[in-house]
Amino acid sequence: MAELTVETAAQNPRTEAPLHFGDLVREHQSMVYSLVWHCLRDRAVAEEVAQDVFLELHRRLGSIESPAHAQHWLRRTAVHRSIDEIRRRRFRPWVALDRVPEPAAPARGGDPLLADRLRRLVAALPEEARMLVVLRFQEELEWSEICEILELPLGTAKSRLHRALLTLREKLGAGRQRSGEARP
Amino acid sequence: MNLKDELRWAMRREEPPEGFAERVLARAAAQADAPTRQWWRFPRMRLAAVAACAVLVVLAGAGYRQWQGETARQRALLALGIAGGDLHTTQLRVRHILAARAGATGETGGPMETR
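Quick mapping for you: the protein sequence lines, in order, are chains U and W.
So for the first sequence, numbering that gives the first Met the number 0 puts the first residue at 0; every next one is plus one.
So for the second sequence, numbering that gives the first Met the number 0 puts the first residue at 0; every next one is plus one.
If you want it as structure tokens, here you go:
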């Protein structure tokens, strides 16, 4: 059996340089963790799922052809593991979409309260819409990549994201309106 | 900021908890060091294998019995066919003999020549 250390490296016959598992983990940990965290909104579960994604990569390191392939594989696996986790645990965010508390203060760009509220609203979306928002706004992927990862036709993906944004805008607008009304 | 910018801000990447990479690497090393776990080492898998074997044995027994019955039926039919063939041959011979006797004595017909 080959000696495996923390810095496991795999040489794929189609690649020129070996891929170091430790480097891949350090480079992509925030991407994988954030994808799962924004989807599940539970830090403990997000860490567990993100670790599992990297362990899966470790087992398949020999079939990974390049650093770009590794990134694509990690992103895709993280998305599907997150969806599986939602379905498996019937994972719901802490509160339903219509019960998300309204912000106490009017929203401003870069406002941590607004950001937190938006994350909660996103986490209350249906799973596919949630992943669309995460891939589009966290990862800022092109439509072709999003469709490939989620295995959706382009038109479907666009219309679902559009609907999701409408829902978010409506919800956010309602919150702002209520905040405005509450003010003297 | 508009909604899309606000979303980009809200959904920006976050660093995982402290020590995440080390924990992953430790688990990966443990995974690599652990002996390969063959399926028969798992009690549930063993139980499933035993159950599958039992089902196979039962199915094989039932199939064998069915095959035996079918073979016996085929043999019986064959035997009946042979017996029937012999009977027919014998009957033809008897007719032939009777016809020969009748020809010799000038009689026609007989108990076997009713048709």
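Heads up, the beta-carbon is just placed ideally off N, CA and C, and yes, glycines get one too.
Note that the structure is a prediction, hence the values are computed from the model and not measured.
8 angstroms or more divides the Cβ of His79/U from the Cβ of Ala27/W. Within the model, the alpha-carbon separation for Arg92/W versus Glu69/W is close to 35 angstroms. Inter-residue distance for Val52/U and Trp72/U is about 10 angstroms (C-alpha atoms, whole angstroms). For Ile85/U, the enclosing alpha helix (DSSP H) starts and ends at 66-88. Annotation for Leu23/U: Ala69 place their beta carbon closer than 6 angstroms to its own, counting only its chain and skipping 5 residues before and after.
In the DSSP assignment, Leu171/U is bridged to no other residue. CA-CA distance, Leu18/U to Leu60/U, rounds to 8 angstroms. Look at Phe19/W: its C-beta is under 8 angstroms from a C-beta on chain U.
Counting only Cβ-Cβ distances below 7 angstroms, Glu46/U has contacts in chain W at Pro15, Pro16, Phe19, in chain order.
Annotated as proximal: Gln137/U and Arg11/W, with beta-carbon spacing under 8 angstroms. Look at Ala43/U here: in three-state DSSP terms it is helix.
Just so you know, the alpha carbons of Gly172/U and Asp110/U end up roughly 16 angstroms apart. Where Arg26/W is concerned, the enclosing alpha helix (DSSP H) starts and stops at 19-32.
Closest in alpha carbon position to Trp38/W, among Gly60/W, Lys3/W, Ala47/W, Gln30/W, is Ala47/W. The beta carbon of Val35/U lies closer than 6 angstroms to those of Ala45, Val48, Ala49, Ala77, Ser81 in the same chain, with the five residues before and after it left out.
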